[in-house]
Amino acid sequence: MASPQRLLLIDGYSTIFRAFYAIRNLSNSRGEPTNAVYGFIQMLRKLLRDEQPELVGIALDVSRQTFRSERFADYKANRAPMPDDLRVQLPYVRRAIEGFRIPILERAGYEADDLIGSLARRAVEAGYQVVVVTADKDMMQLVGPGVSLYHTGREKLYDAAAVEQDFGVPPAQVPDVLALMGDSVDNVPGVPGIGEKGAKGLIQEYGSLEALIERAPEVKRKSYREGLLEHREQALMSKELATIDTEVAIELDPAALRREEPDGQALFELYRELDFFSLLEELESDGLTAAQRSYPLADDSETAEEWRRRTQALPARRCAAMVGDPETIAVVVAVPGGTPVLADCRRDGLAAAAAATLREWLADAEVEIIGHDLKEVVRFAYRDAEGPGGPPAGAIRARLTDTMLLAYLLRSALRGYSLAEVAFERFQHRVQTPDQAGLGGPEPPLCGLDELRGFAAERALLPAELADVLLPELSASTEGDPGAVYDQIERPLLPVLVRLEDAGVALDVEYLGRMSEELGAEIASLERQIYELAGEEFNINSTQQLGTILFDKLGYPGLRRTKKTKSYSTSAAILEELAARGFDLPRRLLEYREFTKLKSTYVDALPQVVDAAGRLHTRFQQAVAATGRLSSTNPNLQNIPVRSEVGQRIRKAFRAEAGHLLLVADYSQIELRVLAHIAREEALIAAFRDGQDIHRTTAASVFGVAAELVTDQQRRAAKTINFGILYGMSAFGLGQRLGIPAKDARSFIDAYFSRFSRIRGYMEETFQQVERDGFVETLYGRCRYLPDIHSKNRNLRENAKRMAINARIQGTAADLLKLAMIAADRRLASDFPRARLLLTVHDELVAEAPLQEAAAAGAALVEEMEGVADLVVPLRVDLGVGATWYDAKS
Numbered sequence: 097m098a099s100p101q102r103l104l105l106i107d108g109y110s111t112i113f114r115a116f117y118a119i120r121n122l123s124n125s126r127g128e129p130t131n132a133v134y135g136f137i138q139m140l141r142k143l144l145r146d147e148q149p150e151l152v153g154i155a156l157d158v159s160r161q162t163f164r165s166e167r168f169a170d171y172k173a174n175r176a177p178m179p180d181d182l183r184v185q186l187p188y189v190r191r192a193i194e195g196f197r198i199p200i201l202e203r204a205g206y207e208a209d210d211l212i213g214s215l216a217r218r219a220v221e222a223g224y225q226v227v228v229v230t231a232d233k234d235m236m237q238l239v240g241p242g243v244s245l246y247h248t249g250r251e252k253l254y255d256a257a258a259v260e261q262d263f264g265v266p267p268a269q270v271p272d273v274l275a276l277m278g279d280s281v282d283n284v285p286g287v288p289g290i291g292e293k294g295a296k297g298l299i300q301e302y303g304s305l306e307a308l309i310e311r312a313p314e315v316k317r318k319s320y321r322e323g324l325l326e327h328r329e330q331a332l333m334s335k336e337l338a339t340i341d342t343e344v345a346i347e348l349d350p351a352a353l354r355r356e357e358p359d360g361q362a363l364f365e366l367y368r369e370l371d372f373f374s375l376l377e378e379l380e381s382d383g384l385t386a387a388q389r390s391y392p393l394a395d396d397s398e399t400a401e402e403w404r405r406r407t408q409a410l411p412a413r414r415c416a417a418m419v420g421d422p423e424t425i426a427v428v429v430a431v432p433g434g435t436p437v438l439a440d441c442r443r444d445g446l447a448a449a450a451a452a453t454l455r456e457w458l459a460d461a462e463v464e465i466i467g468h469d470l471k472e473v474v475r476f477a478y479r480d481a482e483g484p485g486g487p488p489a490g491a492i493r494a495r496l497t498d499t500m501l502l503a504y505l506l507r508s509a510l511r512g513y514s515l516a517e518v519a520f521e522r523f524q525h526r527v528q529t530p531d532q533a534g535l536g537g538p539e540p541p542l543c544g545l546d547e548l549r550g551f552a553a554e555r556a557l558l559p560a561e562l563a564d565v566l567l568p569e570l571s572a573s574t575e576g577d578p579g580a581v582y583d584q585i586e587r588p589l590l591p592v593l594v595r596l597e598d599a600g601v602a603l604d605v606e607y608l609g610r611m612s613e614e615l616g617a618e619i620a621s622l623e624r625q626i627y628e629l630a631g632e633e634f635n636i637n638s639t640q641q642l643g644t645i646l647f648d649k650l651g652y653p654g655l656r657r658t659k660k661t662k663s664y665s666t667s668a669a670i671l672e673e674l675a676a677r678g679f680d681l682p683r684r685l686l687e688y689r690e691f692t693k694l695k696s697t698y699v700d701a702l703p704q705v706v707d708a709a710g711r712l713h714t715r716f717q718q719a720v721a722a723t724g725r726l727s728s729t730n731p732n733l734q735n736i737p738v739r740s741e742v743g744q745r746i747r748k749a750f751r752a753e754a755g756h757l758l759l760v761a762d763y764s765q766i767e768l769r770v771l772a773h774i775a776r777e778e779a780l781i782a783a784f785r786d787g788q789d790i791h792r793t794t795a796a797s798v799f800g801v802a803a804e805l806v807t808d809q810q811r812r813a814a815k816t817i818n819f820g821i822l823y824g825m826s827a828f829g830l831g832q833r834l835g836i837p838a839k840d841a842r843s844f845i846d847a848y849f850s851r852f853s854r855i856r857g858y859m860e861e862t863f864q865q866v867e868r869d870g871f872v873e874t875l876y877g878r879c880r881y882l883p884d885i886h887s888k889n890r891n892l893r894e895n896a897k898r899m900a901i902n903a904r905i906q907g908t909a910a911d912l913l914k915l916a917m918i919a920a921d922r923r924l925a926s927d928f929p930r931a932r933l934l935l936t937v938h939d940e941l942v943a944e945a946p947l948q949e950a951a952a953a954g955a956a957l958v959e960e961m962e963g964v965a966d967l968v969v970p971l972r973v974d975l976g977v978g979a980t981w982y983d984a985k986s
């Protein structure tokens, strides 16, 4: 006999609320909260996938006015209003349900529970198996023959036996227990004095509420007995309120509840609107794809001569792209709308021919080259002809239209700017993947493969279509001046970065080998000290075991528990606070964590990625940080600690090549100088113009002492305040950082703003702009978009305000550093051709120059960096010269 068909009845609001509280602080690029929608969709997809029901429906409440509120006016009267950031998501939830083609069950005057109960009863009578989906314990009363309950909170399927085991009474007696214990959420009064445990015990003993009331004088416990005698009618009414109505006049229509295939287009539009990119990607795997563009297969040149013939006399507007990563397999070029030409670099002579063609194009001022991430095109063009170090300064005269950088400047709040992400965001077009082209496997694809040619054609032609959309937006933008940022900063910086990346920096691998052994010994010593202080050996990297040691065994104050596991937090912030209170073990743990992280991330890892010449090559990313700062990857050199002893030791491994010295030019307090300029704060301006120690000046103002009487501790506190203001630090945060009460920190902040009143004005002006426009901009017109400023979630709004305060300052500082790189690169190439830039880390530039030219090259470097902008305060650069990065900085 065939198994009975299954009907899934989902308690809508129970599931929505659970999703809302399970995922927090999720919003789309417009700042709209999306956590409840996303969580609900994920829960719904899992239910449908796991349960595979033939029939499904979702029940929703229509309003609070039901037969229960007529019976008892205060029913649900104390329920808190729905959070605003959940309420605004409900229309999207309904759209999601409609997109999955699931019928919504609702009826005025009744709750979702009653609809579910009535449909469940009728479905069982019609021979269906019913699964009720909810996190509401009240609905356990529906469980019985043919009806089970899936509890979304416990992720457990209940039959009658499981209900009795977990709840303490059979399903039919659940309303009796609820009638006694009441329900504060729904304002069901119950019987005063009888809690959950007592209610279950009484119903287990007497069988039902009615039997219990009839025999109330026999109840031994005085408070229970008096409560039952005094509140008899209230108890009976509470049972009415708690009992689900299974007789609602609602028809069971199996055809209407039949599960259908989702509406792919509707879900696609919803996911795109809410920035649910992972769900969009899964639509494709489910056969529901985005709009597709088609491109002609690229012509596959088999010889260098054929390549040269096909790429001659092309119109001035051209496209170029690299195919293959990390080693280039092929180069593809085209004109917009034309047929691309592919050069497979594995064929004899084609790599050199393609590179020569690109160099000719790049040198021609009449040519425009369009591509996505053109830095890799430039690198390829010059890697063989010029040797390491990238293109010579001034060699690139063509206009570079890099759609990755254009997209980044126009919308800095997106999650990423790969060709796939930008094409999808702009056109809802899903690009071919490297796997589809045969590039994802252990072996490269065969030459001439159609999949490879199609992939290459799309890589070449799609950026031209993007450029046709992005360039007009750049010109017409009234938000900042992204066109100027592109033309004056990002585009001219591109070849500079290629030169830095290809030059690399010499690394002393033997030194790091010795350091690895030394650190290993230090880590082993720390392990022994930690075990001794803990009184036993344990897994130091297990946060659970560590929490047990610190807080249960040793009795340290448990400052915070994690939200997810409810276990003690052992984060760095917690350990630092415990260490500040004088506990030795947390201090040793912090050292252990620092040493092990730096050993694995840098000391052991960096020697593995040097080239044959012993030089290390990082990659700088222009389109990652929303502030405009460069990021460093493969490897990331931005996060080597500046002040820690181990970080300084690591810097000793970065060396000048033989006969050269490293020049390390570091902007001094550039963000505070930018703040003084933007805020027009006269006290700061005067201090910088007079060459005063700005932190000592601040300390004198905040602590009310003469500058010469400021202690080192007061200066350190003032430095924390100065930079804390830049990052929107609260009094609580400052107090934590300084180890003082929040009220004392507040007095410091008030004293600071009393002395530097225009900085408060700058902050208020920034708040007003970001709330009005949704973005702030740097002095050079770079926009930082902060959509969360309009979020209904207070935490997201406050975080957006803090970022707004910092974005104008840090973004302007980032622009200044990039302009300085462009100017310094040009000056060194002109006056000191044997010197070259090697690295940039935050506010400093690292260059290399021959011994006899180091002093003059260093002076030129400082001159260019200090003269890059005309602010109301002077830019100051500190120069260090040495054989290693450490020597130059110390």
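All letters in the sequence shown, in the order written, are residues 97 to 986 by my numbering.
Built from N, CA and C at the ideal position, the CB exists for glycine as well.
Per DSSP, Ile817 has no beta-bridge partner at all. Counting along the chain, Ile106 sits inside the beta strand (DSSP E) bounded by residues Arg102 to Asp107. Secondary structure of Gln225 (DSSP, three-state): strand.
For Ala838 and Pro578, the gap between their C-alpha atoms comes out near 41 Å. In this structure, the straight-line span from the alpha carbon of Ala519 to that of Arg526 is close to 7 Å. Inside the stretch 177 to 255, DSSP marks whole alpha helix (DSSP H) runs of 4 or more residues at positions 180 to 183, 186 to 195 and 208 to 221, from first to last along the chain. Taking the C-beta atoms as reference points, Thr342 is found nearer than 7 Å to Gly213. Contact check for Arg167 and Val344: beta-carbon distance about 15 Å, past the 8 Å limit, so the pair fails to qualify. The C-beta of Tyr117 has fewer than 16 other C-beta atoms within 10 Å across all chains shown, which makes the residue exposed. A contact is defined here as three or more CB-CB pairs under 8 Å, and the stretch 702 to 714 fails this definition with respect to the stretch 683 to 694. Note on geometry: alpha-carbon atoms of Tyr513 and Leu370 lie some 18 Å from one another.
Under the Cβ criterion (8 Å, minimum of three pairs), the stretch 854 to 873 counts as touching the stretch 767 to 779. Scanning Leu276, Val770, Ala630 and Glu597 for the CA closest to the CA of Gly289 turns up Leu276. By the C-beta criterion, the stretch 587 to 599 is judged to be in contact with the stretch 916 to 935, since at least 3 inter-stretch pairs fall below 8 Å. Less than 7 Å separates the beta-carbon of Val806 from that of Ala796. Under DSSP, Phe750 shares a beta bridge with Leu603. Going by C-alpha positions, Gln718 is about 21 Å away from Gly420.
DSSP places Gly294 in the uninterrupted alpha helix (DSSP H) bounded by Glu292 to Tyr302. Residue environment: Lys693 is assigned as exposed (fewer than 16 neighbouring CB atoms within 10 Å of its CB, all protein chains considered). Cβ-Cβ separation between Glu128 and Val184: approximately 7 Å, consistent with a contact (criterion under 8 Å). Taking Pro285 as reference, the option from Ala560, Asp146, Leu332 and Arg321 with the minimal CA-CA separation is Leu332. Just so you know, the alpha carbons of Asp840 and Arg898 end up roughly 21 Å apart.
Judged by DSSP secondary structure, Pro559 falls within the alpha helix (DSSP H) whose first and last residues are Asp546 to Ala572. Per DSSP, reduced to three states, the secondary structure at Thr874 is coil, with no helix or strand assignment. Two segments are said to touch when three or more pairs of C-beta atoms, one from each, lie closer than 8 Å; by this definition the stretch 726 to 740 does not touch the stretch 644 to 654. Residue pairing from DSSP places Leu975 in a beta bridge opposite Ala761. For Ala489, same chain residues with a beta-carbon under 7 Å away, outside a window of 5 residues either side, are Asp921, Arg922 and Ala925 in chain order.
Judged by beta-carbon spacing, Glu944 lies within the 7 Å limit of Ala752, meaning their Cβ atoms are closer than that value. Distances from the alpha-carbon of Asn637 to those of Glu464, Ile619, Thr130 and Asp282 put Ile619 closest. Rounded to whole angstroms, the gap between the alpha carbons of Leu253 and Glu207 is 23 Å. Put simply, of Arg354, Leu882, Leu975 and Gly907 the residue whose alpha carbon is nearest the alpha carbon of Leu510 is Leu882. Excluding its 5 nearest sequence neighbours in each direction, Glu356 has C-beta neighbours in its own chain below 7 Å: Arg197, listed in chain order. By the CB criterion at 7 Å, Ile106 and Val243 fall outside the cutoff.
Per DSSP, the beta-bridge partners of Glu464 are Arg413 and Arg495. In the same chain as Glu613, and ignoring 5 residues on each side of it, no C-beta atom comes closer than 6 Å to its own.
Judged by DSSP secondary structure, Val152 falls within the beta strand (DSSP E) whose first and last residues are Leu151 to Ala155.
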